[in-house]
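To keep things clear, I will list the structure first and then write my remarks on it.
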Amino acid sequence: MDSLQIKHLDVKRGLHYRYYVSKTGDTSKPALLLLHGWPDSAMVWQYTLPYLATLNLRIVVPDLLGYGGTSKPTDIQLYDYRRMSEDLVEILDAEHIDQVIPVGHDFGCWLTQRFQILYADRCVAAVHLGIAFMPPMPVLPDLETLNALTEQQVGYPRYSYFHLFTAPDAPAIFSKNQESVWHVMHGDRKDWIKYIFTTPNAMREWIEAGRTDVPLLPYAQDTRLKEEWKTEKPTSEDWESTFCWYRAFTEGVQSEADRDIPPEQYKLKIPVLTIMCTGDGVNPPETLDPPKEAGLFADLTLEVMEVGHWCTYQAPEELGKIIVNYIQGRGFAG
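So for the sequence shown, the UniProt record's numbering puts the first residue at 1; every next one is plus one.
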């Protein structure tokens, strides 16, 4: 991240954003807009950035709402994706950037998907990292129904962990047991993510017990990386803001926003590179099949990586090369 400049912006709705921008880049080309997910910050891109920098494009990397050095409100209405997308546009306008290629990981991937629908004129292409396209859902089933549906589709309740993430006591549990949370995220065991995220009550019981008895993936053994991550969310209030993204789903904020999108806009009309990870049991590659079969992509390129969910840490060189080759191959960079 040392190659980027730290900036700050107070957006029109009274929230503060911290973001990072490249110091150089071809102003005649679209910029890269990197959007992180849960429970990370702009720092999740630090190992991938050196590869993306070879494109000589401008790069913008915000801490999204609820994370890092950005405001951390706990009013879930503030996490309406329409409003968060407006915030991103304000950042781009402040940097005099007209067109972008949004690159999203985890929940940042979902926001990328919505951003490219809302601001199709600002996006020339998009990169979806780790999560298949989720078309607008004007009516979202309750968690029990949603998990029953996913169990029929893939054999297990993919969103079982949402019960914990939206529980009132979750922020206190996570802030008290951050070492255990780190092992939950980055455990090195076959089908670990699938087990710990989708088995009912498995994650709650693990974290409440403060367990760390699963080996860590090699990158997660880096003490600097772990401590850097911990310092960004030391209190239960810090964790509460990250969970607002999930509550905004389960409490209908995002479904209400989806009602404003006409069905004819569900199809993604710009080129999309989707990168799926075989080691991510919550979001396995086959979850891309339904939107593909529904014809929701005008121009889709699929790449599959043999890694876990946090590919930005586990295989940054491979990830960077895939993105660079795609962007160069499509003529978006020299």
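Ideal placement from N, C-alpha and C gives every residue a C-beta, glycine not left out. Quick caveat: nothing in here was measured; it's all calculated off a predicted structure.
- Rounded to the nearest angstrom, the gap between the Cα atoms of residue 219 and residue 229 is 13 Å.
- Secondary structure note for residue 261: it is in no beta strand (DSSP E), with a DSSP letter that is neither H nor E.
- Boundaries of the alpha helix (DSSP H) around residue 50: 49-52.
- Counting C-beta pairs closer than 8 Å gives fewer than three between the stretch 61-76 and the stretch 325-332, which falls short of the contact rule.
- Here residue 118 carries a helix assignment [DSSP, helix/strand/coil].
- Each of 316, 38, 268 and 170 was checked against the Cα of residue 121, and the nearest Cα belongs to 268.
- Taken atom to atom, the span from the alpha-carbon of residue 85 to that of residue 105 is near 16 Å.
- Counting only runs of 3+ residues, the beta strand (DSSP E) found wholly inside the stretch 82-160 occupies 100-105 and 126-129, in chain order.
- Under the three-state reduction of DSSP, residue 270 is assigned to coil, being neither helix nor strand.
- In the DSSP assignment, the residues bridged to residue 62 are 19.
- Rounded to whole angstroms, the Cβ separation of residue 311 and residue 277 is 5 Å, and the two are in contact under 8 Å.
- Here DSSP, grouped into helix, strand and coil, assigns residue 186 to helix.
- In this structure, the CA atom of residue 309 is about 11 Å from the CA atom of residue 187.
- Here residue 5 is not near residue 29, since their CB atoms are 8 Å or more apart.
- Fewer than three beta-carbon pairs drawn from the stretch 198-217 and the stretch 292-303 are found closer than 8 Å, and the two stretches are therefore not classed as touching.
- A distance below 8 Å separates the beta carbons of residue 134 and residue 113.
- Under the DSSP definition of a beta bridge, residue 303 partners with 275.
- Taking the Cα of residue 66 as reference, the smallest distance to any Cα among 151, 171, 183 and 321 is reached at 171.
- When 31, 39 and 26 are compared, the shortest CA-CA separation from residue 238 is found for 39.
- In chain order, 257 place their CB closer than 6 Å to the CB of residue 82, counting only its own chain and leaving out the 5 sequence neighbours on each side.
- About 13 Å separates the Cβ atoms of residue 100 and residue 111, ruling out a contact at the 8 Å cut-off.
- Counting every other CB atom within 10 Å of its CB across the protein chains shown gives residue 203 a total of 16 or more, marking it as buried.
- Per DSSP, reduced to three states, the secondary structure at residue 297 is strand.
- Proximity of the stretch 154-166 to the stretch 190-204 meets the contact definition, three or more beta-carbon pairs being nearer than 8 Å.
- Judged by DSSP secondary structure, residue 10 falls within the beta strand (DSSP E) whose first and last residues are 4-10.
- In the structure shown, residue 57 adopts coil according to DSSP, grouped into three states.
- In this structure, the beta-carbon distance from residue 324 to residue 19 does not fall below 8 Å.
- Residue environment: residue 158 is assigned as buried (16 or more neighbouring CB atoms within 10 Å of its CB, all protein chains considered).
- Of the candidates 307, 10 and 247, 307 places its Cα closest to the Cα of residue 192.
- For the pair residue 235 and residue 328, the Cα-to-Cα distance works out to about 42 Å.
- Residue 288 sits in a helix when the DSSP states are folded into three classes.
- If you compare the alpha carbons of 206, 293, 249 and 43 with that of residue 21, the shortest gap goes to 43.
- Between residue 2 and the set 41, 49 and 13, the nearest pair of CA atoms involves 49.
- Considering only 181, 215 and 176, the residue with the shortest C-alpha distance to residue 190 is 215.
- According to the DSSP assignment, residue 31 belongs to no alpha helix (DSSP H) but to the beta strand (DSSP E) extending over 31-35.
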